[in-house]
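First up is the structure itself, then whatever we jot down about it.
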Amino acid sequence: MMRFRTFLLLGFLFIHSKASAQVRHILSGTVRDAATGEVLIGATVQVAGHAIGVTTNAYGFYSLSLPAGPHRLSVTFLGYRSLEQPVSLNTDQKADFSLEAVTQQMEEVTVTAEKPGDRVLNPEMGSTRLSFRTLRAVPAMLGEVDLVRTMQTLPGVTTVGEGSAGFNVRGGNVDQNLLLLDEAPVYNASHLMGFFSVFNPDAVKDVKLMKAGIPARYGGRLSSLMEVRMREGNSKRWAATGGIGTLSSRLLVEGPLVKDRGSVLVAGRRSYSDLVLHLSGNEDLKKNSVYFYDFSAKANYRIGARDQLFLSHYSGRDVFRVDFEGNKLNLRWGNRTGTLRWNHLFSNRLFANLTAVFSDYDYRIYIPAGVQDDAEIEISKGVQGANWTSRIASYNAKADFTFYANARNTVTFGTNFLQYRFDPGRLKAEGDRSTVHEIILPSQHAREYAVYLENEQTFGNKWAAQYGIRLSAFEYLGPGTVVDYPRTPSETGGPSGERRFEKGQVIASYLHPEPRLAVRFSPAAGRSLKASYNRTAQYIHLISPTTAASPLDIWSPSTNNIRPGLADQLSVGYYHTLSRWELSGEVYYKTLQNQIDYRPGAEVKVNPKLEAELLYGRGRSYGLEVYARRHTGRLTGWVSYTLSRSEQQVDGINTNRWYLTKFDRRHMLSIVGTWEAGKRLSVSATFTLNSGTPVTVPNARYEVEGGTISVPINTRNRRNTFRLPSYHRLDLSATWKNRPKPGRRRQAEWVASLYNVYGRRNPFSIYFQQGSNAQATEAVRLSIIGTVLPSLTYNFTF
Amino acid sequence: MKSTHRFLKLLLSAVAVLPLGGCEDTISVNLKEGERLVVVEGSITDRPGPYTVRLSTTAPYFSNQPTPRLSGAEVVLSDDRGDREVLTETGPGLYQTHRLQGRVGGKYALTVRVNGEEYEAQTEIRRVPVIDSLRSGFRKATEARDAGYFLTYFGPEPAGGPDFYRVKIFRNDTLLNDPQLDLFFFSDDHIDGNYLNGLELGAGPFRPGDNARVELHGITEETFRYLRELQKQMRNDGLFSSPTANVRTNIRNTRPGGKPATGWFGGSAVRTGTLVIRK
Chain A
160 MMRFRTFLLL
170 GFLFIHSKAS
180 AQVRHILSGT
190 VRDAATGEVL
200 IGATVQVAGH
210 AIGVTTNAYG
220 FYSLSLPAGP
230 HRLSVTFLGY
240 RSLEQPVSLN
250 TDQKADFSLE
260 AVTQQMEEVT
270 VTAEKPGDRV
280 LNPEMGSTRL
290 SFRTLRAVPA
300 MLGEVDLVRT
310 MQTLPGVTTV
320 GEGSAGFNVR
330 GGNVDQNLLL
340 LDEAPVYNAS
350 HLMGFFSVFN
360 PDAVKDVKLM
370 KAGIPARYGG
380 RLSSLMEVRM
390 REGNSKRWAA
400 TGGIGTLSSR
410 LLVEGPLVKD
420 RGSVLVAGRR
430 SYSDLVLHLS
440 GNEDLKKNSV
450 YFYDFSAKAN
460 YRIGARDQLF
470 LSHYSGRDVF
480 RVDFEGNKLN
490 LRWGNRTGTL
500 RWNHLFSNRL
510 FANLTAVFSD
520 YDYRIYIPAG
530 VQDDAEIEIS
540 KGVQGANWTS
550 RIASYNAKAD
560 FTFYANARNT
570 VTFGTNFLQY
580 RFDPGRLKAE
590 GDRSTVHEII
600 LPSQHAREYA
610 VYLENEQTFG
620 NKWAAQYGIR
630 LSAFEYLGPG
640 TVVDYPRTPS
650 ETGGPSGERR
660 FEKGQVIASY
670 LHPEPRLAVR
680 FSPAAGRSLK
690 ASYNRTAQYI
700 HLISPTTAAS
710 PLDIWSPSTN
720 NIRPGLADQL
730 SVGYYHTLSR
740 WELSGEVYYK
750 TLQNQIDYRP
760 GAEVKVNPKL
770 EAELLYGRGR
780 SYGLEVYARR
790 HTGRLTGWVS
800 YTLSRSEQQV
810 DGINTNRWYL
820 TKFDRRHMLS
830 IVGTWEAGKR
840 LSVSATFTLN
850 SGTPVTVPNA
860 RYEVEGGTIS
870 VPINTRNRRN
880 TFRLPSYHRL
890 DLSATWKNRP
900 KPGRRRQAEW
910 VASLYNVYGR
920 RNPFSIYFQQ
930 GSNAQATEAV
940 RLSIIGTVLP
950 SLTYNFTF
Chain B
42 MKSTHRFLKL
52 LLSAVAVLPL
62 GGCEDTISVN
72 LKEGERLVVV
82 EGSITDRPGP
92 YTVRLSTTAP
102 YFSNQPTPRL
112 SGAEVVLSDD
122 RGDREVLTET
132 GPGLYQTHRL
142 QGRVGGKYAL
152 TVRVNGEEYE
162 AQTEIRRVPV
172 IDSLRSGFRK
182 ATEARDAGYF
192 LTYFGPEPAG
202 GPDFYRVKIF
212 RNDTLLNDPQ
222 LDLFFFSDDH
232 IDGNYLNGLE
242 LGAGPFRPGD
252 NARVELHGIT
262 EETFRYLREL
272 QKQMRNDGLF
282 SSPTANVRTN
292 IRNTRPGGKP
302 ATGWFGGSAV
312 RTGTLVIRK
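Below, the structure is given as structure tokens:
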């Protein structure tokens, strides 16, 4: 199969490459960090002074076809000392490079004028990569370095509000981002309802966000790809990294499994506010507790020169315990992922990666007898003494190949298979005062398949293109009994009769070709103009009718009622790299099909007729994003500005007219800066300014219940026509390193930070309620964080 | 901090260690003024009347006064057996029946002619089980409630259905009707046919000597959905609030494209239980 495919590809390439008589050889190898042995992702290997070059892949591998003879190679990577090395190619050759990290930003860094930076060299656009180091430099809320929060300072990325889970990219819902942690999909990326993301920063090597021109290799979500790579662990020596913070503590241990052949890394983190609360005098708080923990582990081993194995694991949990008269309501949720990868070099030109992934997300709630109603988790009244569980699990096998065909063509191709199991909800009686009998919503099963083929080709010195196609398919499988529900409120006839399906029978199936195209034109070194078009299809959906996504939301497959989401995006951008600055401007236009919204008052928890509560519509979003990043010197950081609009049209909502989505932001500005004040002190600041969230407000009220209850009403039934006041916030942090001693490994630093420095009460929402009586109506602003939050963290490495 | 949001409060205590004082405050907001709509609220039960229909209009959200009543309307109540009665206005906007009597299984229609428009609404009266007994127990104060005596409910829930219920709780003949705390309704979705063995009724607190009266209303699915949407709007606050949306109405203008109205007309069968609170 494999050989056949390669053969086909070679035929395919033959047309495009002017096979010359000139003798060429292959130079291939790996680029690593000199001190830790970690591979470097996205390092550039190029012939000095030429546009010919490649960037290393996710495993640090590169392959470059060059004419026989002497060359001067330059290897560059941001934050590392560039390397120039002569090579003389008489045969195919292997060359591994080790780059030295620049430990102090202050030190003179040799920056060559033609240093390309991967944003200019690749046709890939709409992407930003943040290294572990950059992530750490940004001021963190309560000292918790956070990927998702830092992502929110990039152009085109929004959130529905402070402390809400996930993020929105270019007008896409939170479920439209594919979050991959070492290739494993993460179904809920939030700790503490959404204040923090689940990734332990110490274990993260880098994170890449792609908003447009998504390569054919990736699919399954409409709006973006956020790829998080865990570090492999130090393959030279044993080391430990950790931190003691205001909110949580972390510890990471890493070391060589077998020196220079493999390494292992284990990292854990736990928040301990619950322990602090236990010491406090507050009786009420003592009985309740909230905490989270997570655990990451990774091991890799090189078997010979051609094979490498990676095994990674993540698990995390959040725990809430709420006391009701001595009976504790207990809520826990979390993700688990496991990834096994095998890198194999079939030849110095054909790189393969085989991956097997398990990933799940589940929650369980114990609702004791005697529980009182709580609006936050919307327990159905009458349900007391019950265990409530829900889960999504997926098994994923994929094969990805990169064929470095020649100096001008790099072909990627592969296949992906996903098996899903959804358990939307089970309710089981617990204890003798239970009012409940067992309710099990039947499991749903589905399969997702994809094959893709893509070529990255350069034409002359100025043009390059990445073109490919992904063919994705989805099957919603039995056993099951399904009903077809009306798709719009005006549709008459009601639900259809029940249809029964046996195990493995296909209830509904979908097939979508997803073309992907990106073109780059570089009129001069360091400048490029790029354009891209891509279609993406999404087959699983987060059912979340609330303003902010909740940990109790469930995922649903595409079914006979829910059709797969489709997105088409056109994007054009200009990129300019100066010696210290990287500048870009992009515009985009995106349309979305089969977007889910909810009937008024929709009940989505443990509801066997969930699909009857859904409405479907279309979306569109467009915008301009400007980004300027200074990556060297004493002052580093970035400024990003976005002008955008994001709308939806759903029959049955807003009298069938277009309305703004809750994540529409007219203007967004972020300024992130880090200043190396001295050899030991650095100071960082982040300023964020966003237009307010569009919300629905009443324009009248009426009285019911004999005049005792005032009900807000929008007499024209319009949605999201009012904007909350704009959101702005300044964060500061200072890092004070201990005095470095030559020959001593131990390093330590203190990080002090202030979140929301001027204590602005940014509104999360404004709601309307009656006060002492039905006539005393008022508007109330809810601010999740209304004060400045200070924190102090001690970090160490030895 | 709103009393019903223990989770949010707890969450913030976890994040900030020190409780954050006052993250909710009243602000002034400039709202556009909407057009005036007719509001109809009526009910019918299986117990002897008179039944009352209340007609009013919407008002600016911050009007700070009772909303205007609608007088001089023609209000007609009829059932599925051909019985029909014109209601009499007994006070401003209050219209009452004289003899018509609701029964379990009956279907009812309400017609209102006012301001040159005609509005219609339908409902029915569904079954209701008996209340076996009520008990009371002392509960300590929580963020939501003061300390005192609270009621627990004992009684069957008939198999089959689906059935929907609303519980109204009266303290010394006054309906406890805090819109955020006291709207109590449920479906038998997860508890069909089970004995309700000590169901916690939230409204209170009661003091020793108080007369407690509990009405169990068997309501329609539509009324249940109406109450659910109403409650969502009454609790539009926390971290996971639903977007603000209009509460459903079953009042329809008979003329297509005519001016809409809002409000609810609901039928229910009622059983009552009483208890004198003792120490």
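Chains as they are written, first to last, in our numbering: chain A, 160 to 957; chain B, 42 to 320.
All C-beta atoms, glycine included, are put in the ideal place defined by N, C-alpha and C.
Comparing alpha-carbon positions, the option among B:Arg-289, B:Asp-223 and B:Asn-238 lying closest to Glu-262 (chain B) turns out to be B:Arg-289. Here Lys-209 (chain B) is buried. Its C-beta has 16 or more other C-beta atoms within 10 Å.
The Cβ neighbour count for Gln-616 (chain A), taken over all protein chains shown within 10 Å, is at least 16; the residue is labelled buried. Residues are counted here when their Cβ sits less than 9 Å from a Cβ of chain B; for the region 801-828 of chain A these are Ile-812 and Lys-821, given in chain order. Nearest C-alpha to Asn-915 (chain A) among A:Ser-942, A:Glu-835, A:Thr-195 and A:Ser-805: A:Ser-942.
Residue-level contact by beta carbon holds for Asp-66 (chain B) and chain A, with a gap shorter than 8 Å. Nearest CB-CB separation between Glu-241 (chain B) and chain A: below the 8 Å threshold.
A distance below 6 Å between beta-carbons, with the five flanking residues on each side excluded, links Tyr-450 (chain A) to the following residues of its chain, in chain order: Ser-430, Asp-433 and Val-478. Setting aside the 5 residues that flank it on each side, Asn-447 (chain A) is surrounded in the same chain by Arg-480, Val-481 and Asp-482, each with a C-beta closer than 7 Å to its C-beta; the list follows chain order.
Contact annotation: Leu-751 (chain A) and Leu-381 (chain A) have beta-carbon atoms nearer than 8 Å.
Interface criterion not met: the Cβ of Leu-175 (chain B) is under 8 Å from no Cβ in chain A. Of the residues assessed, Glu-256 (chain B) falls on the buried side of the cut-off, its CB having 16 or more other CB atoms within 10 angstroms. Using beta-carbon distances, Gln-106 (chain B) counts as an interface residue toward chain A, with a partner under 8 Å.
Interface flag for Tyr-926 (chain A) against chain B is set, since a Cβ pair is found closer than 8 Å.
Contact with chain B is found for Asn-858 (chain A), since one of that chain's Cβ atoms lies less than 8 Å from the residue's Cβ. Residue contact check for Arg-296 (chain B) against chain A: no CB pair falls below 8 Å. Look at Gln-934 (chain A): its C-beta is under 8 Å from a C-beta on chain B.
When DSSP states are grouped into helix, strand and coil, Leu-313 (chain A) belongs to the coil group. Taking 8 Å as the cut-off, the Cβ atoms of Gly-134 (chain B) and Ser-97 (chain B) count as close.
The C-beta distance from Val-70 (chain B) to Ile-925 (chain A) rounds to 6 Å, short enough to fall under 8 Å.
Along the region 694-719 of chain A, going in chain order, the ones with a CB nearer than 7 Å to a CB of chain B are Pro-704, Thr-705, Thr-706, Ala-707 and Ser-709. Assignment of beta-bridge partners to Phe-517 (chain A) by DSSP yields A:Gly-497 and A:Tyr-554.
For Arg-940 (chain A), at least one C-beta of chain B is nearer than 8 Å to its own C-beta. Segment contact: the region 759-768 of chain A against the region 695-712 of chain A, three or more CB-CB distances shorter than 8 Å; contact assigned. DSSP places Leu-340 (chain A) in the strand class (E or B) of the three-state scheme.
In this structure, Pro-716 (chain A) lies away from Tyr-626 (chain A), with their beta-carbon atoms at least 8 Å apart. Look at the beta carbons and you see the region 824-843 of chain A not touching the region 237-247 of chain B: under three pairs across the two are nearer than 8 Å.
Bounds of the beta strand (DSSP E) holding Arg-804 (chain A) are 794-809. Shown here is that no member of the region 636-670 of chain A has a Cβ falling below 9 Å from a Cβ of chain B. When beta bridges are read from the DSSP output, His-472 (chain A) appears opposite A:Ala-456 and A:Gly-497.
The Cβ of Asn-489 (chain A) sits no closer than 8 Å to any Cβ of chain B. Residue range 262-275 is occupied by the alpha helix (DSSP H) that includes Lys-273 (chain B), with no beta strand (DSSP E) assigned at that position.
Excluding residues up to 5 positions away in sequence, Glu-115 lie with their Cβ nearer than 6 Å to the Cβ of Arg-154 (chain B) in the same chain. In this structure Glu-386 (chain A) is in contact with Leu-339 (chain A), their Cβ atoms being roughly 5 Å apart against a cut-off of 8 Å. The region 674-685 of chain A makes no contact with the region 798-816 of chain A, as fewer than three CB pairs between them are under 8 Å. Taken through DSSP and simplified to helix, strand or coil, Glu-115 (chain B) comes out as strand.
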